[in-house]
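Protein chains: 2
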Amino acid sequence: MSEVESFFKSAFSVDNVIFGFDGGELKILLIQRGAAPFKGKWALPGDLVYPNEDLDTAAARVLEQLTGLRNVYLEQVKTFGAVDRHPLGRVITIAYYSLIKVTDYTVTAASFAQSAKWHSISQVGDLAFDHNEILESCLKRLKRKVRMTPVGFELLPPKFTLTALQHLYESILRPTKGLDKRNFRKKILSMNLLVELKESQAGVAHRPAKLYQFDREKYEEFVAEGFVFDI
Amino acid sequence: MSEVESFFKSAFSVDNVIFGFDGGELKILLIQRGAAPFKGKWALPGDLVYPNEDLDTAAARVLEQLTGLRNVYLEQVKTFGAVDRHPLGRVITIAYYSLIKVTDYTVTAASFAQSAKWHSISQVGDLAFDHNEILESCLKRLKRKVRMTPVGFELLPPKFTLTALQHLYESILRPTKGLDKRNFRKKILSMNLLVELKESQAGVAHRPAKLYQFDREKYEEFVAEGFVFDI
DNA sequence: TTTAAATGGTGTTAAAATAACAATAAGTCT
DNA sequence: AGACTTATTGTTATTTTAACACCATTTAAA
Numbered sequence: 002m003s004e005v006e007s008f009f010k011s012a013f014s015v016d017n018v019i020f021g022f023d024g025g026e027l028k029i030l031l032i033q034r035g036a037a038p039f040k041g042k043w044a045l046p047g048d049l050v051y052p053n054e055d056l057d058t059a060a061a062r063v064l065e066q067l068t069g070l071r072n073v074y075l076e077q078v079k080t081f082g083a084v085d086r087h088p089l090g091r092v093i094t095i096a097y098y099s100l101i102k103v104t105d106y107t108v109t110a111a112s113f114a115q116s117a118k119w120h121s122i123s124q125v126g127d128l129a130f131d132h133n134e135i136l137e138s139c140l141k142r143l144k145r146k147v148r149m150t151p152v153g154f155e156l157l158p159p160k161f162t163l164t165a166l167q168h169l170y171e172s173i174l175r176p177t178k179g180l181d182k183r184n185f186r187k188k189i190l191s192m193n194l195l196v197e198l199k200e201s202q203a204g205v206a207h208r209p210a211k212l213y214q215f216d217r218e219k220y221e222e223f224v225a226e227g228f229v230f231d232i
Numbered sequence: 002m003s004e005v006e007s008f009f010k011s012a013f014s015v016d017n018v019i020f021g022f023d024g025g026e027l028k029i030l031l032i033q034r035g036a037a038p039f040k041g042k043w044a045l046p047g048d049l050v051y052p053n054e055d056l057d058t059a060a061a062r063v064l065e066q067l068t069g070l071r072n073v074y075l076e077q078v079k080t081f082g083a084v085d086r087h088p089l090g091r092v093i094t095i096a097y098y099s100l101i102k103v104t105d106y107t108v109t110a111a112s113f114a115q116s117a118k119w120h121s122i123s124q125v126g127d128l129a130f131d132h133n134e135i136l137e138s139c140l141k142r143l144k145r146k147v148r149m150t151p152v153g154f155e156l157l158p159p160k161f162t163l164t165a166l167q168h169l170y171e172s173i174l175r176p177t178k179g180l181d182k183r184n185f186r187k188k189i190l191s192m193n194l195l196v197e198l199k200e201s202q203a204g205v206a207h208r209p210a211k212l213y214q215f216d217r218e219k220y221e222e223f224v225a226e227g228f229v230f231d232i
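If you read the protein sequences in the order shown, they are chains E and U.
Its first residue numbered 2, the first sequence is counted upward by one per residue in the working numbering.
Its first residue numbered 2, the second sequence is counted upward by one per residue in the working numbering.
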């Protein structure tokens, strides 16, 4: 094999850390591998990138095949390319994470076939390949991102309570002692990015909380004026 | 060609945005391409990744071949993989940036052969491939990084003046109106990361400034205690 | 040797942001 | 009606930030 040919004895894949927020906890969607290598192990959903496919497109495809969802928040994080990371050859992988609303998730043929399951972030065991390392990187990126831009709302239903929003931040940032409720509300509300709805929570056995909506248009206006989201 | 084979008709490269700081300005080291495609155009130094080479190793190799430097600050930024980004085939590239002290740079055989030159960041023209886009990403990353960690010192000689440090930050962050001298010095010195040397600047036609050194050990101690660098 | 030219070095204060803290309100359930 | 559970709200001390101007020290030129 010539040297030039050997450069082309390689492939690249995308792997996707799909985050969701449910039951007050941050979760990720894992699949159980049905074939070697790592048969039976939990792994991040991923696939080889098609020859005529852009990287972001491949990541979005993997996500859609598994969840049925399109137009989801998706961000490239890092590329993992250790020589021995894949037992069957030189395969580097471009890692992405995506943020979905768990309520939108429906079990697709692909997710059924691959027995996809939500796992609490704190209860993820030993994953296939270098996927634990990939998860760490994505989690670290999400932690930074969620404080600098309003991506947190991607994980919540369109209408949410301030307490739910606070729990979301706590579950991602994991501060040693929870956020102060009064300070959190003051800060969030002072940004004027939330619309207070007339509706309230229903079906709870206590005082129902007001529901809010994130106003993306306003956010974009403010950004154009120099506003920087920061929590 | 089978479908599996076609996945392996692809290659990956690394490209490196090499930053330097000289004459009060942020610069990058570009090479002039000697062969098609984009013959004669300025480009980021890069190369295909060898089959048995890790990605970080490849990036460090490209840097060393061009500059003779090892053990340099190097960070992966983003992978660019648009289907048509390389005219000769499917080649995705993993972009890195590195921070070097311009005074350490010596012209190597490789840099001579490729006519490498420092370019002011504000005077970079139209580059080969998607390298302008890559540069933008790396610059953006550097801007963030330099405020969150003390990587700025990687661009300065071991002994430097506070004014040089301020100019470094100004040339990277490009604030609309320069940083306030008194506030900048107060902030930097209050971190207790700089050692004031007995030496002063020499050979200047005005009051010479005191020289300082960055104390990396102290920084690491402080980080272990929870300190977060922030400018 | 005096003076001009150039950059180095320093402190105060008002305003804003942050952090710490606890009592009442509004629902459901029994 | 009373118990239970979570929602909602404001004040204050402390810290951080931002704005601002003058004297000091050296070299070079007159």
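Think of the CB as a built atom: it goes at the ideal place given N, C-alpha and C, for glycine as much as any other residue.
Because the structure is a prediction, the values reported are computed rather than measured.
Taking the straight line between their C-alpha atoms, what separation do you get for residue i and residue j?
i: glutamate 171/E; j: threonine 177/E; result: 9 Å
i: threonine 104/U; j: aspartate 23/U; result: 9 Å
i: lysine 102/E; j: proline 151/E; result: 15 Å
i: arginine 71/E; j: tyrosine 97/E; result: 15 Å
i: tyrosine 213/U; j: phenylalanine 185/U; result: 15 Å
i: glutamine 202/U; j: asparagine 53/E; result: 58 Å
i: lysine 146/U; j: glycine 204/E; result: 46 Å
i: phenylalanine 228/U; j: tyrosine 74/U; result: 21 Å
i: leucine 166/E; j: phenylalanine 230/E; result: 15 Å
i: methionine 2/E; j: tyrosine 51/U; result: Because methionine 2/E carries a pLDDT of 45, less than 50, the predicted location of this residue cannot be relied on, and the following value inherits that uncertainty. The straight-line gap from Cα to Cα measures roughly 14 Å.
i: glutamate 222/U; j: lysine 141/E; result: 22 Å
i: lysine 144/U; j: glycine 35/E; result: 44 Å
i: glycine 41/U; j: threonine 58/U; result: 27 Å
i: glutamate 226/E; j: arginine 208/E; result: 38 Å
i: valine 5/E; j: histidine 168/E; result: Note that valine 5/E scores a pLDDT of 48, beneath 50, so its modelled location is shaky; the value from the coordinates is reported in the next line. C-alpha separation (whole angstroms): 53 Å.
i: glutamate 134/U; j: alanine 111/U; result: 25 Å
i: isoleucine 93/E; j: isoleucine 93/U; result: 11 Å
i: histidine 87/U; j: aspartate 127/U; result: 16 Å
Quick test of your reading: residue i and residue j, contact by CB under 8 Å. State the CB separation rounded to the nearest angstrom.
i: phenylalanine 39/U; j: alanine 129/U; result: 3 Å
i: isoleucine 95/E; j: leucine 56/E; result: 5 Å
i: valine 63/U; j: aspartate 48/U; result: 5 Å
i: glutamine 66/U; j: threonine 107/U; result: 12 Å between Cβ atoms; not a contact.
i: threonine 164/U; j: alanine 210/U; result: 6 Å
Look at the Cβ atom of residue i, then the Cβ atom of residue j, and state whether they are nearer than 8 Å.
i: serine 121/E; j: lysine 182/E; result: no
i: isoleucine 189/U; j: leucine 198/U; result: no
i: glutamine 115/U; j: isoleucine 32/U; result: yes
i: glycine 21/E; j: leucine 156/E; result: yes
i: arginine 91/E; j: serine 11/E; result: yes
i: asparagine 17/E; j: serine 99/E; result: yes
i: lysine 160/U; j: glutamate 200/U; result: yes
i: threonine 68/U; j: threonine 80/E; result: no
i: leucine 30/U; j: tryptophan 119/U; result: yes
For residue i, which option in the options has the closest C-alpha, if you only look at C-alpha atoms?
i: glutamate 76/U; options: His87/U, Cys139/U and Gly90/U; result: Cys139/U
i: proline 158/E; options: Asn17/E, Gly25/E, Ile232/E and Lys10/E; result: Gly25/E
i: histidine 132/U; options: Ala36/U, Ala44/U and Glu222/U; result: Ala44/U
i: isoleucine 232/E; options: Lys211/E, Arg208/E, Ala225/E and Gly153/E; result: Gly153/E
i: valine 78/U; options: His168/U, Gly69/U, Leu136/U and Gly179/U; result: Leu136/U
i: alanine 60/U; options: Gly82/E, Ser191/E and Gly41/E; result: Gly82/E
i: serine 191/E; options: Phe113/E, Tyr220/E and Lys144/E; result: Tyr220/E
i: phenylalanine 215/E; options: Glu226/E, Thr162/E and Lys187/E; result: Thr162/E
i: leucine 89/U; options: His168/U, Arg148/U and Ala37/U; result: Ala37/U
i: valine 224/U; options: Met149/U, Ala111/U and His168/U; result: Met149/U
Provide the residue span of the beta strand (DSSP E) that contains residue i, from first to last.
i: serine 201/U; result: 195-201
i: lysine 141/U; result: Per DSSP, lysine 141/U belongs to no beta strand (DSSP E); it is in the alpha helix (DSSP H), 132-149.
i: glutamine 77/E; result: 74-81
i: tyrosine 98/U; result: 91-100
i: aspartate 16/U; result: 11-23
i: glutamine 33/E; result: 26-33
i: histidine 120/U; result: 118-121
Starting from residue i, trace the alpha helix (DSSP H) in both directions and tell me its first and last residue.
i: tyrosine 220/U; result: 217-225
i: leucine 45/U; result: No alpha helix (DSSP H) holds leucine 45/U; DSSP gives it neither H nor E.
i: serine 112/U; result: 110-114
i: valine 50/U; result: Here valine 50/U belongs to no alpha helix (DSSP H), and DSSP marks it neither H nor E.
i: threonine 107/U; result: Neither: threonine 107/U is in no alpha helix (DSSP H) and is coded neither H nor E.
i: isoleucine 189/U; result: 182-191
i: leucine 68/E; result: The amino acid at residue 68/E is misidentified as leucine; the sequence shows threonine. Taken as a continuous stretch (DSSP letters only), the alpha helix (DSSP H) holding threonine 68/E covers 56-68.
i: threonine 177/E; result: Segment: none, threonine 177/E is in no alpha helix (DSSP H) and carries neither H nor E.
Is the closest heavy atom of the ligand MN to the C-beta of residue i under 7 Å?
i: leucine 194/E; result: For the structure depicted, the ligand MN is absent and the ligand set is empty, with no information on it obtainable.
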